[in-house]
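Below you'll find the structure, written out as structure tokens, and then a few comments.
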Amino acid sequence: MNGYPVIKGASYTLAITPDMVLHNGTTQTTERVVNPDSEYLKELPGHLRSFEDAVNYIPNQVYIGNAKPADLAATEFPYYDKKWSGAVREGRYGQIMPQDEFYGLIQICDAFELVMLEREFAAGVKKKLEKQKLFTEEQLAVLDKNDNSSDYIHELVEKEHAEGLYHNNVLVGAVKRAHDVDVNLSAHVMLENLVTKASNVLSLLELVHKAGVAPDSVDYVIDCCEEACGDMNQRGGGNFAKAAAEIAGFVNATGSDVRGFCAGPAHALLHAAALVQAGTFKNVVVTAGGCTAKLGMNAKDHVKKGLPVLEDAIAGFSALLSADDGVNPQLCTDIVGYHTIGTGSAPQNVISSLVTAPLEKAGLKIPDIDKYAPEMQNPDITKPAGAGDVPEANYKMIAALGVKKGELERSEIKSFVKEHGMTGWAPTQGHIPSGIPYLGAMRDEMLGGEISRAMIIGKGSLFLGRMTNLFDGVSFVVQANDGSAGSGKEEAIDESRIKALIGRAMRTFAEGLMGEEESAEP
Numbered sequence: 001m002n003g004y005p006v007i008k009g010a011s012y013t014l015a016i017t018p019d020m021v022l023h024n025g026t027t028q029t030t031e032r033v034v035n036p037d038s039e040y041l042k043e044l045p046g047h048l049r050s051f052e053d054a055v056n057y058i059p060n061q062v063y064i065g066n067a068k069p070a071d072l073a074a075t076e077f078p079y080y081d082k083k084w085s086g087a088v089r090e091g092r093y094g095q096i097m098p099q100d101e102f103y104g105l106i107q108i109c110d111a112f113e114l115v116m117l118e119r120e121f122a123a124g125v126k127k128k129l130e131k132q133k134l135f136t137e138e139q140l141a142v143l144d145k146n147d148n149s150s151d152y153i154h155e156l157v158e159k160e161h162a163e164g165l166y167h168n169n170v171l172v173g174a175v176k177r178a179h180d181v182d183v184n185l186s187a188h189v190m191l192e193n194l195v196t197k198a199s200n201v202l203s204l205l206e207l208v209h210k211a212g213v214a215p216d217s218v219d220y221v222i223d224c225c226e227e228a229c230g231d232m233n234q235r236g237g238g239n240f241a242k243a244a245a246e247i248a249g250f251v252n253a254t255g256s257d258v259r260g261f262c263a264g265p266a267h268a269l270l271h272a273a274a275l276v277q278a279g280t281f282k283n284v285v286v287t288a289g290g291c292t293a294k295l296g297m298n299a300k301d302h303v304k305k306g307l308p309v310l311e312d313a314i315a316g317f318s319a320l321l322s323a324d325d326g327v328n329p330q331l332c333t334d335i336v337g338y339h340t341i342g343t344g345s346a347p348q349n350v351i352s353s354l355v356t357a358p359l360e361k362a363g364l365k366i367p368d369i370d371k372y373a374p375e376m377q378n379p380d381i382t383k384p385a386g387a388g389d390v391p392e393a394n395y396k397m398i399a400a401l402g403v404k405k406g407e408l409e410r411s412e413i414k415s416f417v418k419e420h421g422m423t424g425w426a427p428t429q430g431h432i433p434s435g436i437p438y439l440g441a442m443r444d445e446m447l448g449g450e451i452s453r454a455m456i457i458g459k460g461s462l463f464l465g466r467m468t469n470l471f472d473g474v475s476f477v478v479q480a481n482d483g484s485a486g487s488g489k490e491e492a493i494d495e496s497r498i499k500a501l502i503g504r505a506m507r508t509f510a511e512g513l514m515g516e517e518e519s520a521e522p
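Numbering follows the numbering used here, with no gaps: position 60 of the sequence shown is 60.
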């Protein structure tokens, strides 16, 4: 038994929030300040998708597990003008939630009564959420407290510095500021953080519901989003992990936050794996919610080219790591790549540190990994914005290193990209695309015997915080379980047998000594 931790389940959720694109995405809020009469702002509403269009969108169906990565690869590019046959909001790994229901969830996650919803809107949302199996009666009862008129909601936004919640371009709610002067507790920041918390909670609840995780069995939670919560004296004090776990009912869990920009989830999974393998905690969940700021981040380019706004989703994910059970895929804690301070930012150096260095240390070659999951951004979003196909670029760099090391022929680069790579399907929510979207499908493929090894790669741009110009990244290999761990009974039997043998030997030794002493007496 090697003692590797295993990935026992993963969940993925999307909340489709078109009105938040208009009112909370930083591309739009900035444009409203610097160029309030721009043609872009005038045209933008006409490019927003309906909830049905978002559900039918093939990359979204891959994200929640109703379609496979191979299905997307077999679909003609671009994807925005095609529909997935039989698409539904409920998926194998999670769900796609409409905006109005998500507003209700935000209020359920509000611990300080900052969220106000218009009474009729709240009543309608409660009826919808009651149809799901995710929420308790106590949680749903929170929505009954809304005795707010539309006039009161307008007054909060217009006179009390509250942040508006809009649905179909109608003001239906508001998030109040949590402090009169502390900008860290402003209505803007509180809405941002509540959205992150709510999308995090949704993925945790789906992990319980879809992956069969018992809430009271989880003893540690790690949040790895890109937001920060605190006040003027500790702007990023945290703790999103415990805040979300509380709503999800993880009563026996503690937790903390890990940050690393886009590489955060990969770092967090390594933290979780170490805690499990050390025996410090048995069941550790890594989780993250989404980000309002990145809604419509590339919408200017999409609108200019006549495309729908594809960045209209708040994403979330959760993954459970536990001790080896002899069944689930193992996270190999001894095959880990990492970008050191001395590595530099040259693309070849980065890929070498994250891919070839750990593989060579383990005696493996680049083709020995069946699937690589680097930055899994959806090319439907990035190509029109001029960023190209990000996953494909990563695969070509990995293949080029394989050629340089003599592990691949130059003529094999194209086939390597096709066989060992995947088309990206993740929303551009920063930390969300960074290798993590593949965990669910990867687990299914390994359990089904389709692949044996995969590498998850997380990369991050630390310069965004203006503290360093360094790049960042970590990677790790996941392998199919060979079943050697079993149920643990054999080990218990062996241990008791060993103790019995030692005890018997000690008794024999003691009896022998006593016999020698007796024979030596005069």
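Think of the CB as a built atom: it goes at the ideal place given N, C-alpha and C, for glycine as much as any other residue.
Scanning its chain for C-beta atoms nearer than 6 Å, with the 5 sequence neighbours on each side dropped, one finds around G94 the residues S11, Y12, T13, I64, E206, in chain order.
Inter-residue distance for D151 and D380 is about 41 Å (C-alpha atoms, whole angstroms). Rounded to whole angstroms, the Cβ separation of K242 and G255 is 5 Å, and the two are in contact under 8 Å. Residue state for D370 is assigned as coil, using DSSP reduced to three classes. Looking at the DSSP output, C332 sits in a beta bridge with V477. A288 and A480 have their C-alpha atoms spaced approximately 25 Å apart. Buried is the label assigned to Q28, since at least 16 other Cβ atoms lie within 10 Å of its Cβ. Contact check for M97 and L202: beta-carbon distance about 7 Å, within the 8 Å limit, so the pair qualifies.
D37 sits in coil when the DSSP states are folded into three classes, being neither helix nor strand.
For L185, there is no enclosing alpha helix (DSSP H), as DSSP marks it with neither H nor E.
In the structure shown, the three-state DSSP call for G264 is helix. Here the C-alpha atom of N252 lies approximately 31 Å from the C-alpha atom of R177. Per DSSP, the beta bridge partners of G458 are V474. Excluding its 5 nearest sequence neighbours in each direction, I106 has C-beta neighbours in its own chain below 7 Å: V115, L194, V195, A198, listed in chain order. Assignment of H271 by DSSP, reduced to helix, strand and coil, places it in the helix class. One Cα belongs to R410, the other to L331, and the distance between them is close to 31 Å. Each of D180, L156, V181 was checked against the Cα of L171, and the nearest Cα belongs to L156. DSSP, read as helix, strand or coil, puts L156 in helix. In this chain, the alpha helix (DSSP H) harbouring G104 covers 99 to 108. The three-state secondary structure of K8, taken from DSSP, is strand.
Take the alpha-carbon of I413 and the one of K396: they are about 7 Å apart.
For a cut-off of 8 Å, the C-beta gap from L134 to A211 is around 13 Å, too long to register as a contact. Between the region 53 to 63 and the region 322 to 341 there are fewer than three C-beta pairs closer than 8 Å, too few to call the two in contact. Rounded to whole angstroms, the Cβ separation of D312 and R49 is 6 Å, and the two are in contact under 8 Å. Per DSSP, the unbroken alpha helix (DSSP H) holding I381 starts and ends at 379 to 382. In this structure, DSSP gives T196 a helical state, which the three-state scheme calls helix.
Bounds of the alpha helix (DSSP H) holding M442 are 439 to 447. With a 10 Å radius around the Cβ and a threshold of 16 neighbouring Cβ atoms, V303 comes out buried. When rounded, the separation of the alpha-carbon atoms in A454 and G421 is 10 Å. In the pairwise beta carbon analysis, the region 16 to 31 is classified as not touching the region 385 to 400: fewer than three pairs are separated by under 8 Å.
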